[in-house]
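Colleague:
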Amino acid sequence: MSEEQQQAETAAGYDVMRHELLPIILGEDEEVILYWAGKSLAREKKTTDEEALVRWFRTAQWGNLRLIKEKRAERIYEVTTSSYEPKRPYSLETGFLAQITELEKGLLAEANYEIKKKKPVTFHVTVKWDKKDPTAPGSDD
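Here the sequence shown is numbered in UniProt numbering, starting from 1 and rising by one per residue.
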């Protein structure tokens with residue numbers, strides 16, 4: 001089996017899990033559960049280096065990550081996926097980016113996403129933080 005075939009099979013398995021099985025298991029709470037799961041996963045990975053973050057997104061098959069804008073208290077990322085499922089939630093990635101930013105800044109961070117393109121799915125994740133809202137000491141353990 002070629003490397004391309006193996007990658008296609010792995011991606012197909014991921015798509016079944018992400019877009020078919022998880023909705024059945026999580027039901028109507030899927031989006032919020034995935035957001036908090038993304039935050040929890042980020043606390044485990046603690047990947048705040050930009051290049052490592054981009055590699056992590058590719059390795060996890062979440063897509064190509066690109067920071068497109070950073071302001072004083074906000075970042076906007078673009079994620080281009082191989083998915084053609086624009087109606088599925090992308091809150092796992094969103095929660096992950098919120099928590100990574102929180103770990104990096106030492107400030108509470110929240111994020112939301114917006115679908116920008118449907119084929120393939122491209123979405124923006126906006127992460128916001130407030131300098132007046134630090135995380136509690138030891139909260140990233």
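We put the CB at the ideal spot given by N, CA and C, even for glycine.
Using a 10 Å radius around the Cβ and a threshold of 16 neighbouring Cβ atoms, would you call Arg-88 buried or exposed?
Modeller: Around the CB of Arg-88, 16 or more other CB atoms lie within 10 Å, so the residue is classed as buried.
Colleague: Tell me whether the beta-carbon of Glu-77 lies closer than 8 angstroms to the beta-carbon of Leu-97.
Modeller: The sequence shown places Tyr at residue 77, not Glu. Taking the C-beta atoms as reference points, Leu-97 is found nearer than 8 angstroms to Tyr-77.
Colleague: Decide if Asp-141 is buried, meaning its Cβ has at least 16 other Cβ atoms within 10 Å, or exposed.
Modeller: With a pLDDT of only 48 at Asp-141, under the threshold of 50, the placement of this residue in the model should not be trusted; the figure read from the coordinates follows. By the 10 Å Cβ count, Asp-141 comes out exposed.
Colleague: Tell me which same chain residues have a C-beta within less than 8 angstroms of the C-beta of Lys-116, skipping the five on either side of it?
Modeller: Glu-78, Thr-122, Phe-123, His-124
Colleague: Can you tell me whether DSSP reads Ala-42 as helix, strand or coil?
Modeller: helix
Colleague: Assign Asp-133 to one of three DSSP states: helix, strand, or coil.
Modeller: strand
Colleague: Could you tell me which residues DSSP puts in a beta bridge with Glu-124?
Modeller: Note on identity: in this sequence residue 124 is His, with Glu being the wrong assignment. The partner list for His-124 (beta bridge, DSSP) reads Glu-78, Glu-114.
Colleague: DSSP on Arg-66, reduced to helix/strand/coil?
Modeller: strand
Colleague: Cα-Cα, which of Lys-132, Asp-130, Asp-49, His-19 is closest to Ser-91?
Modeller: His-19
Colleague: So, using beta-carbon positions, are Thr-94 and Trp-129 closer together than 8 angstroms?
Modeller: no
Colleague: Are the beta-carbon atoms of Leu-41 and Val-54 separated by less than 8 angstroms?
Modeller: no
Colleague: Here's the rule: buried if 16 or more other CB atoms are within 10 angstroms of the residue's CB, otherwise exposed. What is Ala-111?
Modeller: buried
Colleague: Could one say the Cβ of His-124 lies closer than 8 angstroms to chain B's Cβ atoms, at least one of them?
Modeller: You won't find chain B in this structure, because it holds only one protein chain.
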